[in-house]
Structure formats: structure tokens, C-alpha cells
Amino acid sequence: MAPAIRLECGHTFHHHCARDKVAGGKIVPGSKVQFGFLECCLCKRFMKHPSLEKDTKEGLDLHSWAVKKGVERLKIDGMLKDAKLQQGGEFHGQPEKYALKTFAFYICFKCKNPYFGGRRACGPQDEERQQAAEDMVCYDCAKPPNMVIKCDKKEHKEFHLFKCRFCCSPAVWFCGGHTHFCDPCHKMGWAKKNVGKYTACPSKGGSGAHKHGEACKECPIGGNHPPNGAGDECEYMI
């Protein structure tokens with residue numbers, strides 16, 4: 172009979188079964204971070220046992236990082252007062268769980284480090300969308316457009332304010348680890364069939380075909396950006 176171990180949660184499994192479950196959740200560059208591979212099949216608590224420490228260390232360290240980063244983001248976005256965190260709410264007294272439920276994290280395809288990837292509000296439709304792994308890159312590895320305002324403080328980079336890809340408003344969403352949206356554009360959806368519905372920059376009569384460096388008083392951010400919807404280059408920091 173194969174050797175068995177009793178986990179910290181009290182449930183017993185074959186040692187090789189527990190190790191196989193952890194190994195099945197290998198953290199792959201360019202993927203969304205998930206922690207199901209660390210959970211006990213019966214109670215969903217993390218599997219903890221001295222014989223599994225080496226196997227689970229990377230995943231548990233990543234979980235600690237995600238929790239810390241997620242709670243920081245809750246504070247920055249003023250979400251600690253959300254109804255779900257108040258008395259009677261689903262996550263009352265559990266800001267860590269609320270943060271992981273609310274935000275998504277990814278592993279950078281280039282540097283292999285984890286990074287904050289925005290809110291999960293896009294739901295299953297967005298999560299099921301197949302995104303090329305090489306497109307999932309962190310702020311440090313992303314090729315910045317010429318108009319990016321560089322900051323020497325590394326801890327500030329992921330909290331810069333970006334322009335919405337599809338209009339001239341500041342972005343408040345960063346979805347799928349690759350696209351910035353203002354709230355109205357995010358609600359409209361970002362499928363290709365909707366691109367024509369997005370707002371063109373007021374510059375040059377709404378065509379958005381202005382030249383770089385050409386400011387426009389009608390544009391709320393000066394009109395100094397590529398045409399809306401053009402791609403990553405029009406998501407510069409403001």
C-alpha cells in the first residue's frame with residue numbers, strides 16, 4: 172500500500188497523489204495565476220504537510236504576494252468600504268479573499284515574474300478568450316510607447332494612470348492583463364464587433380487622425396496620442 176499523509180486540515184491522502192496534484196498546477200509564463208492546485212480536494216484549504224513543503228513553496232509564496240498586492244489595490248481603489256466587506260457581506264472580515272476574488276494576476280511571459288492584471292469583472296467570457304501567452308507581459312517588460320512618462324520608483328509603475336485604449340478618458344480597468352479601459356468602454360465590451368462604437372478623439376473633428384505632438388483643446392488629455400483603438404501605443408501613461 173502506498174504511504175499516506177494527514178494534511179494540516181485533517182484529511183488523508185496518498186503522498187504521491189498530493190504531490191501529483193501540486194505538480195499539475197505548474198506555474199506557466201504567460202498564464203493567469205490560480206491556486207486550485209494547492210487546495211485539498213475535500214475542504215479547499217491549502218494542503219500543508221512537512222513532506223510537501225518543497226513542492227508547495229513556490230505556490231504559497233505566490234499566494235502571499237498576490238494577497239498583499241490585492242489588498243494594496245483594494246485600498247488604492249477605495250474598495251475596503253464595499254458592501255461585501257461590511258457586516259453581513261460575503262467577505263466580511265476577509266479582505267484577502269475579497270482581493271483574490273476581485274483581481275486577477277498573471278505570470279509575465281518574458282521575465283517570469285507575477286504582475287497585477289486588473290479586475291476579474293469581465294467574467295467567464297473574457298476568461299475563456301484565448302490570448303497568446305507572449306502577449307501577457309508585465310509593466311517592466313512591455314514595450315512602452317514614446318509618450319510614456321517614466322518613473323524611477325519601481326513600486327509606482329503598476330499604479331500609473333493610463334489612457335483608455337478606445338477613448339480619451341483615463342483608464343480605470345486593466346483587463347486580461349493586456350487592455351486598459353475607462354468605465355463606459357469597459358461596460359460596452361471590447362470584442363472586435365464593438366470597436367466601431369468606441370468614441371473617436373475630438374481632435375480633428377472626431378476623426379482621431381491627428382499628428383503626434385499636436386495638442387487639441389477639445390480633447391480632455393490634449394489630443395497628443397495615436398488614434399483610439401489603434402492598439403497598445405494609445406494606452407500611454409498620463
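Under the working numbering, the first residue of the sequence shown carries the number 172, and numbering increases by one thereafter.
Glycine is no exception: its CB is placed at the ideal position from the N, C-alpha and C atoms.
Model, not experiment: these values are computed from the prediction.
Proximity below 8 Å, CB of residue i to CB of residue j
| i | j | result |
| --- | --- | --- |
| residue 238 | residue 209 | no |
| residue 280 | residue 250 | no |
| residue 304 | residue 291 | no |
| residue 255 | residue 200 | no |
| residue 285 | residue 231 | no |
| residue 202 | residue 310 | no |
Simplified DSSP assignment, three categories, for residue i
| i | result |
| --- | --- |
| residue 334 | strand |
| residue 203 | strand |
| residue 190 | helix |
| residue 174 | coil |
| residue 224 | helix |
| residue 182 | coil |
| residue 376 | Note that residue 376 scores 45 on pLDDT, short of 50, meaning its location in the model is unreliable; the coordinates nonetheless yield the value given after this. Looking at residue 376 - three-state DSSP - the assignment turns out to be coil, as it is neither helix nor strand. |
| residue 307 | coil |
Spatial distance of residue i from residue j (CA atoms)
| i | j | result |
| --- | --- | --- |
| residue 188 | residue 218 | 12 Å |
| residue 174 | residue 340 | 60 Å |
| residue 179 | residue 265 | 21 Å |
| residue 222 | residue 357 | 46 Å |
| residue 190 | residue 235 | 20 Å |
| residue 350 | residue 359 | 14 Å |
| residue 352 | residue 186 | 46 Å |
| residue 243 | residue 287 | 11 Å |
| residue 193 | residue 338 | 43 Å |
| residue 246 | residue 289 | 14 Å |
| residue 253 | residue 197 | 33 Å |
| residue 413 | residue 214 | In the structure as shown, the chain starts at 172 and stops at 409, and residue 413 therefore has no counterpart that could be examined. |
| residue 226 | residue 262 | 30 Å |
| residue 342 | residue 229 | 32 Å |
| residue 354 | residue 334 | 12 Å |
| residue 336 | residue 177 | 51 Å |
| residue 248 | residue 184 | 41 Å |
| residue 207 | residue 181 | 18 Å |
| residue 205 | residue 195 | 12 Å |
| residue 344 | residue 260 | 24 Å |
| residue 211 | residue 220 | 11 Å |
| residue 257 | residue 224 | 35 Å |
Heavy atom of the ligand ZN within 7 Å of residue i beta-carbon
| i | result |
| --- | --- |
| residue 201 | Here there are no bound small molecules, and the ligand ZN is not part of this structure. |
Notebook entry, point to check: Can you list the beta strand (DSSP E) stretches of 3 or more residues lying completely in the segment 228 to 300, in chain order?
Noted result: 274 to 278 and 285 to 290
Next item on the list: Please determine if the segment 237 to 256 and the segment 270 to 290 are in contact, where contact requires at least 3 C-beta pairs separated by less than 8 Å.
Entry: At 8 Å Cβ cutoff, the stretches touch.
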